[in-house]
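Scroll down for the structure; my scribbles are underneath it.
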Amino acid sequence: MYRVVKPASADAVVQFVRSAGQEGRPLSIAGGRHAMGGQQFGSETTLVDMGSMQRVLGFDAARGLIDVESGIEWPELMRYLVDAQQGAARAWGIRQKQTGADRLSIGGALAANAHGRGLRLKPFIGDVESCVLVDAAGIPRTCSREQNAELFRLAIGGYGLFGVITSVRLRLAPRVKVQRQVQILDIEELMPAFEQRIAAGFTYGDFQYHTDPDSPDFLRKGVFSCYRPVAASTPIRAEQKELSPDDWNELIYLAHADRTRAFQAYSRYYLSTSGQVYWSDTHQLGPYLDDYHRALDRRLGASEPATELITEIYAPRDALTRFLTDVRERFRAQRTALIYGTIRLIERDDESFLAWAKQPYACVIFNLHVVHSPAGLERAAA
């Protein structure tokens, strides 16, 4: 990139956009710097780093709406909501967030039209009431379903192509307690099980599948975890089971060194937590160990550094089993190093212009091991 600028206000964003226009310099935009395509690091671009814009601008507790600057990340937003509603008879929380990492910006979730593990939720556009976007001319525009509606449809899921999002008004959901229920299923049972859980009122869930290609359970057996609302009086016990950072490090190691043992350990842990109660918002948070692969490479004795590459495929729900049969055969034949993956649901997005959820899909996430050698990178690109 050419340079990095860090605006601290919407006015500063306007000035940076106008200056870039005068220079004929393209812009790229970053929040948490976790975009899968790496498009925030454009060649010879001015990178607008939104990380300094993390304020809450307003909270309407009557209507369940909150205005935030686009650089705010999920933990700060959720902490604000909990602190601001201490003692409230009815509290609000977020509807959904991406899983697997927390230090992701709200602006990034909007730009990617991200999703979480809701069982009956659209992508993130369904959670957005409006946003303010600075266009290529440096003009701030409020975008909603009623105002600048075309730009609203373009910007959400537009990956920053249509301007810099400076603030977002989010639709919240009632903050309730949910209970986890866990079972081990085969892939042929998964879609009927999802349908049964939805009919029974469960609101969140996913399926974390077996990743050892040498096992007959590869991409077939998995941990099915779903969450249903329970009464507000249901206690959340102080001694609930959770994995420590050391536990996560060991699981990550096993996921690379002995995938069957990794699945066995993960399954035992998750089954032991069945029945535990959480809050509907904070149960979506999860640990992410920064730079974990550096220590892992040393432990594995790797001669070249490596990372995991995340990708996601959207399969028609009635074709999920067929799709995974094909993937199973190809991954085994190619010896693809599959480290971790989940299956979640998404409802059809009938609002955004660049909609990826064109129908109700099963979303299959693959985390693939990539060695950063010339041969490893070429293999990943293929």
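For the sequence shown, the working numbering begins at 1051 and goes up steadily by one.
Glycine included, every Cβ here is placed at the ideal spot set by N, Cα and C.
Is the separation between the beta-carbon of residue i and that of residue j shorter than 8 Å?
| i | j | result |
| --- | --- | --- |
| P1173 | I1363 | no |
| Y1411 | D1152 | no |
| I1234 | V1273 | yes |
| V1228 | H1333 | yes |
| G1121 | S1078 | no |
| N1163 | S1402 | yes |
| Q1136 | W1142 | no |
| T1357 | H1422 | yes |
| V1118 | V1106 | yes |
| V1232 | P1285 | no |
| Q1089 | Y1209 | yes |
| S1275 | R1230 | yes |
| G1255 | E1354 | no |
| A1060 | S1102 | no |
| N1299 | Y1342 | yes |
| K1291 | S1324 | no |
| Y1052 | E1094 | yes |
| F1381 | P1263 | yes |
| R1394 | C1413 | yes |
| K1271 | D1308 | no |
| A1383 | F1373 | no |
On the DSSP bridge assignment, give the partners of residue i in chain order.
| i | result |
| --- | --- |
| S1275 | V1232, D1256 |
| N1198 | Answer by DSSP bridge pairing: none, since N1198 is not bridged. |
| T1192 | V1182 |
| L1395 | A1412 |
| F1109 | I1116 |
| E1094 | DSSP, once it has assigned bridges, lists no residue as partnering E1094. |
| S1078 | L1097 |
| E1123 | S1155 |
| V1421 | A1356 |
| R1053 | T1096 |
| S1217 | E1119, V1182 |
| L1339 | Note: L1339 sits in no beta bridge, so no partner. |
| K1227 | V1280, W1329 |
| Y1209 | The partner list for Y1209 (beta bridge, DSSP) is empty, contrary to what the question assumes. |
| L1388 | L1418 |
| G1168 | Y1254 |
| W1406 | BP columns for W1406 are empty, so no partner. |
| G1143 | A1223 |
Roughly how far, in whole angstroms, is the beta-carbon of residue i from the beta-carbon of residue j, given that I think they are within contact range, below 8 Å?
| i | j | result |
| --- | --- | --- |
| G1157 | I1215 | 5 Å |
| H1306 | L1350 | 6 Å |
| L1222 | G1114 | 4 Å |
| R1278 | F1252 | 4 Å |
| A1405 | G1207 | 7 Å |
| T1386 | I1415 | With a Cβ gap of about 14 Å, T1386 and I1415 do not count as contacting. |
| I1175 | D1399 | 6 Å |
| L1301 | A1282 | With a Cβ gap of about 33 Å, L1301 and A1282 do not count as contacting. |
| V1178 | V1064 | Between V1064 and V1178 the Cβ distance is about 22 Å, and since that is not below 8 Å, they are no contact. |
| M1128 | D1331 | 6 Å |
| G1213 | A1186 | 7 Å |
| D1099 | V1054 | 6 Å |
Among the options, which one has its Cα closest to the Cα of residue i?
| i | options | result |
| --- | --- | --- |
| S1069 | G1082, G1087, T1096 | T1096 |
| T1180 | L1201, G1188, A1187 | For clarity, residue 1180 is Ser in the given sequence; the question names Thr instead. Minimum Cα distance to S1180 is reached at L1201. |
| Q1148 | I1360, R1385, M1100, I1302 | I1360 |
| A1243 | E1123, R1145, L1169 | L1169 |
| N1417 | T1261, D1099, S1093, D1177 | T1261 |
| L1370 | L1240, L1220, V1184, V1232 | L1240 |
| H1419 | R1287, A1431, D1296, K1408 | A1431 |
| A1345 | Y1303, C1193, V1280, G1101 | Y1303 |
| G1082 | S1265, T1323, K1056 | K1056 |
| P1076 | G1092, G1087, V1064, I1389 | G1092 |
| L1293 | A1112, S1317, Q1146, R1367 | S1317 |
| T1310 | K1291, S1265, D1297 | S1265 |
| V1280 | I1389, P1224, E1094, A1159 | P1224 |
| G1188 | S1217, V1067, D1347 | V1067 |
| R1367 | E1238, E1123, L1321 | E1238 |
| D1024 | R1287, Y1320, A1288 | No statement about residue 1024 is possible, as the shown extent of the chain runs from 1051 to 1432 and does not include it. |
| R1140 | A1112, A1085, W1124, A1161 | A1112 |
| A1407 | A1249, L1388, L1171 | L1171 |
| P1125 | A1138, G1108, Q1146 | Q1146 |
| R1287 | W1329, A1249, R1378 | W1329 |
| E1123 | G1087, A1138, L1160 | L1160 |
Taking CB distances under 8 Å as the criterion, tell me whether residue i reaches chain D.
| i | result |
| --- | --- |
| Q1197 | The question asks about chain D, but that chain is absent: this structure has only one protein chain. |
- Start-end ranges of the beta strand (DSSP E) lying completely within the region 1341–1370, minimum 3 residues: List check, beta strand (DSSP E) in window: 1356–1366.
- Kindly provide the ranges of any alpha helix (DSSP H) runs that are 4 or more residues long and lie completely inside the region 1268–1337, ordered along the chain. Taking only runs of at least 4 residues, the alpha helix (DSSP H) segments lying wholly in the region 1268–1337 are 1295–1307, 1309–1322.
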